[in-house]
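K.L.:
Below is the structure I would like to discuss, written out as structure tokens.
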Amino acid sequence: MNRIQLMYLEKLRLALKNDAHGEEMVYILGKMRQELTSAEFQMVTSTFQNSR
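Right, dumping it as structure tokens:
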């Protein structure tokens, strides 16, 4: 994973750990879709799901 992917993975983990509201998760995922390619987005979300 590249630096940006790792940053978003950490943001997702922290949001979940801090019991984030849905709006925050939607914001993070929206920013990911803007900044990452489809393959990068899929890699981050898959890694996040597998780490829970």
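649 is the number of the first residue of the sequence shown in our numbering; add one for each residue after it. No residue lacks a Cβ here, since even glycine has one placed at the ideal position from N, Cα and C. All values reported here derive from a predicted model rather than from experimental measurement.
Exposed or buried, what is V674 when buried is set at 16 or more other beta-carbons lying within 10 Å of its beta-carbon?
P.N.:
exposed
K.L.:
Considering R700, what are the terminal residues of the alpha helix (DSSP H) in which it resides?
P.N.:
In the DSSP assignment, R700 falls outside any alpha helix (DSSP H), carrying neither H nor E.
K.L.:
By a C-beta neighbour count over all protein chains shown, 10 Å radius and 16 as the cutoff for buried, is K659 buried or exposed?
P.N.:
buried
K.L.:
Can at least three beta-carbon pairs, one atom from the segment 685-695 and one from the segment 650-664, be found at a separation below 8 Å?
P.N.:
Output reads yes: the segment 650-664 touches the segment 685-695.
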